[in-house]
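Listed in order, the protein sequences are those of chains A and B.
Per the numbering used here, the first sequence starts with residue 3, numbered consecutively.
Per the numbering used here, the second sequence starts with residue 102, numbered consecutively.
Where a beta carbon is used, it is the ideal one built from N, C-alpha and C, also for glycine.
See below for the structure under consideration.
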Amino acid sequence: MSVTPDLDRRTLLRRAAAAGLLVTPAAGLLSACAGSTPSQNNDNAGEKSDDNPFGVQDGSSVKVVIFNGGLGDAWAKEDQAIFNAKYPNVTVNMSSTQKIKTEEQPKMATQPSDVVMNSGADMMDISTLVNEGAIEPLDDLLAAPAWDGEGTVADSLLPGTVGDGTYQGKFFVVNVAYTVWGNWYNDALFSKEGWTPPKTFDDFFALAPKIKAKGMAPYVYDAVHGYYPRWALMATVWKSAGKQAVIDIDNLKENAWRAEGILPALEAWEKLVKDKLLLPGKLDHTQSQQAWLDGKAAFIQVGTWLKNEMAATIPPGFEMKISDYWGLGATDKAPNDVYAGAGEGIVVPAKAPNKAAAKEFLRAVLSKAGSAKFAELTKSLASTKGSGDNVQDAALASANELMKNAGSDLISIKLWNFYADLDKESQNLSAELMAGRLTAAQFVDKMQAAADKVAKDSSITKQTRDA
Amino acid sequence: MRHGVARFVTGFLALPVGLYLFYVVWPFLQAAGYSLTDWGGYSDKQQFVGLDNYLRLFSDELIRKAFWHNVFFLITVPLFTIALALFLAFLLNVGGREDKAGIRGVFGSGLYKVIFFFPQVLSLVVIAVMWQQIYRADGQGLINGILMKIGLVGEDDPITFMHDPEPFLGVPAVLWWLLLIAVWSGAGFYMVLFSAAMQSIPKDVYEAAILDGAGRFHTFFRITLPLLRDTVSVAWVYLGFIALDMYALVFVMTPSQGGPNHASEIFASVLNFTAFQKGQFGYACAMGVALAIFTILLAALQLRITRRERIEY
Numbered sequence: 003m004s005v006t007p008d009l010d011r012r013t014l015l016r017r018a019a020a021a022g023l024l025v026t027p028a029a030g031l032l033s034a035c036a037g038s039t040p041s042q043n044n045d046n047a048g049e050k051s052d053d054n055p056f057g058v059q060d061g062s063s064v065k066v067v068i069f070n071g072g073l074g075d076a077w078a079k080e081d082q083a084i085f086n087a088k089y090p091n092v093t094v095n096m097s098s099t100q101k102i103k104t105e106e107q108p109k110m111a112t113q114p115s116d117v118v119m120n121s122g123a124d125m126m127d128i129s130t131l132v133n134e135g136a137i138e139p140l141d142d143l144l145a146a147p148a149w150d151g152e153g154t155v156a157d158s159l160l161p162g163t164v165g166d167g168t169y170q171g172k173f174f175v176v177n178v179a180y181t182v183w184g185n186w187y188n189d190a191l192f193s194k195e196g197w198t199p200p201k202t203f204d205d206f207f208a209l210a211p212k213i214k215a216k217g218m219a220p221y222v223y224d225a226v227h228g229y230y231p232r233w234a235l236m237a238t239v240w241k242s243a244g245k246q247a248v249i250d251i252d253n254l255k256e257n258a259w260r261a262e263g264i265l266p267a268l269e270a271w272e273k274l275v276k277d278k279l280l281l282p283g284k285l286d287h288t289q290s291q292q293a294w295l296d297g298k299a300a301f302i303q304v305g306t307w308l309k310n311e312m313a314a315t316i317p318p319g320f321e322m323k324i325s326d327y328w329g330l331g332a333t334d335k336a337p338n339d340v341y342a343g344a345g346e347g348i349v350v351p352a353k354a355p356n357k358a359a360a361k362e363f364l365r366a367v368l369s370k371a372g373s374a375k376f377a378e379l380t381k382s383l384a385s386t387k388g389s390g391d392n393v394q395d396a397a398l399a400s401a402n403e404l405m406k407n408a409g410s411d412l413i414s415i416k417l418w419n420f421y422a423d424l425d426k427e428s429q430n431l432s433a434e435l436m437a438g439r440l441t442a443a444q445f446v447d448k449m450q451a452a453a454d455k456v457a458k459d460s461s462i463t464k465q466t467r468d469a
Numbered sequence: 102m103r104h105g106v107a108r109f110v111t112g113f114l115a116l117p118v119g120l121y122l123f124y125v126v127w128p129f130l131q132a133a134g135y136s137l138t139d140w141g142g143y144s145d146k147q148q149f150v151g152l153d154n155y156l157r158l159f160s161d162e163l164i165r166k167a168f169w170h171n172v173f174f175l176i177t178v179p180l181f182t183i184a185l186a187l188f189l190a191f192l193l194n195v196g197g198r199e200d201k202a203g204i205r206g207v208f209g210s211g212l213y214k215v216i217f218f219f220p221q222v223l224s225l226v227v228i229a230v231m232w233q234q235i236y237r238a239d240g241q242g243l244i245n246g247i248l249m250k251i252g253l254v255g256e257d258d259p260i261t262f263m264h265d266p267e268p269f270l271g272v273p274a275v276l277w278w279l280l281l282i283a284v285w286s287g288a289g290f291y292m293v294l295f296s297a298a299m300q301s302i303p304k305d306v307y308e309a310a311i312l313d314g315a316g317r318f319h320t321f322f323r324i325t326l327p328l329l330r331d332t333v334s335v336a337w338v339y340l341g342f343i344a345l346d347m348y349a350l351v352f353v354m355t356p357s358q359g360g361p362n363h364a365s366e367i368f369a370s371v372l373n374f375t376a377f378q379k380g381q382f383g384y385a386c387a388m389g390v391a392l393a394i395f396t397i398l399l400a401a402l403q404l405r406i407t408r409r410e411r412i413e414y
């Protein structure tokens, strides 16, 4: 669940400088491993009250690091203004970057920032952070009164937000963006041609020849980042095989990948590839999104940050709308469940020098005023309830619409947050399946083998989910 | 030595040596220390596990795969780079026609030198990003675009370059495409190096050979190459280092940093994944130390094999 950044010119130059230091491979790799000795932190705490539930101390300062990816960082400056309106004497040192892990990981054991938005391609592995005790549990934040609404902070959040940030029974990650995933299409084009967005793969396979007749590819995908196609594959798996099947997969249950409904779901994707319904070529996320905007393909699947990410190059008259992932039809166990959840996680390092102000800052981020600004600026929903109510935007409205018709459960997959090995393997295998080098049956066999290997490995801390 | 000179020299050296020890040698030692622990990288908790991490290396399939990919580069990068650089240097210095002015390079060799050297001026990451556009796997890629225009590649079937794991001569295609970039970017520098060495070979040696009726082929293999032995040997060691690294190219260019599906995995990419994704810094440090030892052994072996009496002229 992350918004991938581009390799922009500045990162490139910085990385170039770093690469220049690698005179010999050994030297570079060796010093990359070396850390430094830990030091003690002293938490400065002031008076606690209902209005100041964590005891933020006047005159202290708080360091906030924002991930500047698909959502930008303008929204965070609004939160800073809201925070400073209440605490004019607390200094907020805010910086934004795309290189979260590169810049923050070396500081985690000694002098970390107070608030770190851990997102993007260069994010720190969540389960490692939890297992190492490197981040602070934020259950007291959930229990604190909401900044500018009724009840507690937890009450003000959209369903799934608390669950998505909970690991080993504790709430660690404040996911600020509420993302809805699905298949995007150009509504203007579809109305003109009289096409209806498909609900099932059968609908899609029926529509595909008509799309091809117009000289368009029916579908385009990101062939560089394996986690893009993986969202879509796993959404179909959930719809076809049901929630319990995915929970079993996440819990590494024996033969979980061989449950009823999983293979047919993946076979639908295999058919899509074999029938040559993909745009030829191997593009990355922005290239494939641009190809879709240029009318080379009819469908692309991605999350609701799409509009913000591509804002600069959307052609006039292009009406992007999101529709639900496709299921298989009558046999589906959970046809109406929507892939949505809170993403873009913010964490507070366990050794952060000013945890009180860090938590208070997060309370401001989750405020009504802050989340409304978030939705306005990013065209994405915030994970606080009601953030998008006053935003006029067709793409956002289509996501709202999708959520209103959603089934009782939200599709959520934990596997890749639980285990780095399975994250890598599932990305690789998803890319292989989409490249046509792997059949659905082979995908299932290889995923099962990888899951069994992790289950047997005693050096890996196991995690489980109940719901 | 006069009294006080030792103190004088020490005074000058203390600071740089101190800096070197602290910023270079100390991190190396730290890494070696961490390689004996199960440190995760994000906390200050760690346990001593002895040589467990090193034993694990031998049963790690991914490491084995990465090792063989590095060996592929270790053989091919120096071989092709040096061959190309020697060929170019020969043409530019002694490959032209011989006339009254004596032996010289082909026409316009000064210009060629600048052009061939140019990739050396660019950072490897800049090169990688540039080649991303050259290798782009659809009609907008430089190579695919041209080949599609002249009809050698079908519109629906572009060459996939970095996404192609199909083996060619037993090695995934993606590695060959990476090799092409490495050779292209390295050959210029070694061409200049070899040119300098060639210019120090006395012209009369060549003239004598030509008088005896030696053609270009014979002058190159009987005179130039033997007299360049030292330079080539050093170049081989340097290129060996580069071949064992290759990190920047793999990291920037390949899908999933080592993909597709581990087809371009190298030591450094596995190390990066182990340390930063899996959070096993101890094990990753063991990989780094193992690679360092391997590199040093290789360099020592290489220099020993090629050591010979030096020819003076």
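Leaving out five residues before and five after B:Leu-404 in sequence, what residues of the same chain have Cβ atoms less than 8 Å from its Cβ?
-> Ser-334 and Val-338
Label A:Gln-394 either buried or exposed according to how many other C-beta atoms from any shown protein chain fall within 10 Å of its C-beta, with 16 as the threshold for buried.
-> exposed
Residues within the region 76 to 107 of chain A neighbouring chain B, beta-carbon criterion of under 8 Å | Listed by position along the chain: Lys-103 and Gln-107.
Helix, strand or coil at B:Ile-164 [DSSP, three-state] = Helix, per DSSP.
Under 8 Å by beta carbon: chain B residues contacting A:Asp-496 = What is shown of chain A runs 3 to 469, which leaves residue 496 of chain A out entirely.
How many angstroms separate the CA atom of B:Arg-408 from the CA atom of B:Phe-181?
-> 22 Å
Ranges of the alpha helix (DSSP H) found wholly within the region 372 to 405 of chain B, counting only runs of at least 4 | none
Going along the region 171 to 185 of chain B in order, which residues come within less than 8 Å of chain A, judged by CB to CB distance?
-> none
With C-beta atoms as the reference, is A:Asn-120 less than 7 Å away from A:Val-349?
-> yes
If we cut at 7 Å on Cβ distances, does B:Arg-362 have a partner in chain A?
-> Per the sequence presented here, residue 362 of chain B reads as Asn, with Arg not at that position. It does: the Cβ of B:Asn-362 has a partner Cβ on chain A nearer than 7 Å.
Considering only C-alpha positions, which residue in the set A:Tyr-89, A:Phe-207, A:Lys-387 and A:Val-94 is nearest to A:Ala-78?
-> A:Val-94
Compare the C-alpha of A:Gly-343 against each of A:Lys-387, A:Gly-297 and A:Lys-370 and name the closest.
-> A:Lys-387
Which one or two residues does DSSP pair with A:Ala-344 in a beta bridge?
-> A:Tyr-180
Alpha helix (DSSP H) runs wholly inside the region 308 to 334 of chain B, at least 4 long, in chain order | none
Give the secondary structure of A:Asn-86 by DSSP, where H, G and I count as helix, E and B as strand, and everything else as coil.
-> helix
Own chain residues within Cβ distance below 7 Å of A:Val-132, not counting five before or after = Tyr-169, Gln-170 and Phe-174
Between B:Gly-151 and the rest of its own chain, which residues show a CB-CB distance below 8 Å, the 5 nearest in sequence each way excluded?
-> Leu-137
How about B:Pro-220: is its C-beta nearer than 7 Å to some C-beta of chain A?
-> It does not; no Cβ of chain A falls within 7 Å.
Check the Cβ of B:Ser-144 against every Cβ in chain E and list those closer than 7 Å, keeping chain order.
-> Absence of chain E from the displayed structure is noted, the protein chains being A and B.
Unbroken beta strand (DSSP E) run spanning A:Met-96, endpoints | 93 to 99
6 Å CB neighbourhood of B:Pro-415 in its chain, flanking five on each side removed = Nothing about residue 415 of chain B can be read from this structure; chain B reaches only from 102 to 414.
Local Cβ density within 10 Å of B:Tyr-124, reported as buried at 16 or more and exposed below that | By the neighbour-count rule (16 or more Cβ atoms within 10 Å), B:Tyr-124 is not buried but exposed.
Measuring only between beta-carbons, confirm whether A:Ala-28 sits less than 7 Å from chain B.
-> Model confidence at A:Ala-28 stands at a pLDDT of 46, short of 50, so the residue's coordinates are unreliable; what they give is reported in the following sentence. Taking Cβ atoms only, chain B reaches closer than 7 Å to A:Ala-28, which makes this a yes.
B:Ala-229 and B:Tyr-291: beta carbons closer than 7 Å?
-> For B:Ala-229 and B:Tyr-291, no; Cβs fall outside 7 Å.
Since A:Ile-102 is in the alpha helix (DSSP H), which residue starts that stretch and which ends it?
-> 102 to 106
Give the straight-line distance between the Cα atoms of A:Gln-42 and A:Met-322, rounded to the nearest whole angstrom.
-> Residue confidence is low: A:Gln-42 scores 40 on pLDDT, short of 50, so the model does not pin down where it sits. Its coordinate-derived value is still stated next. A:Gln-42 and A:Met-322: Cα-Cα distance of roughly 51 Å.
Beta-bridge pairing of B:Phe-415 - partner residues as DSSP gives them = Residue coverage of chain B in this structure runs from 102 to 414, which leaves residue 415 of chain B outside it and unanswerable.
Does the beta carbon of A:Asn-419 sit closer than 7 Å to a beta carbon anywhere in chain B?
-> no
Cutoff 7 Å: A:Ala-453 Cβ touching any chain B Cβ | no
Taking Cβ to Cβ, would you say A:Phe-85 is nearer than 7 Å to A:Ala-366?
-> The Cβ atoms of A:Phe-85 and A:Ala-366 sit closer than 7 Å to each other.
Output the boundary residues of the beta strand (DSSP E) element that contains A:Met-119.
-> 117 to 120
Apart from the five residues just before and just after A:Ala-457, which ones in its own chain have a Cβ nearer than 6 Å to its Cβ?
-> Counting only Cβ-Cβ distances below 6 Å, and skipping sequence neighbours, we find Leu-254.
Compare the C-beta of A:Leu-280 against all C-beta atoms of chain B and say whether one is closer than 7 Å.
-> no
What's the call for A:Asn-91, buried or exposed, on a 16-neighbour Cβ count within 10 Å?
-> exposed
Smallest Cα separation from A:Ala-111: which of A:Gly-329, A:Pro-355, A:Asn-407 and A:Ser-325?
-> A:Pro-355
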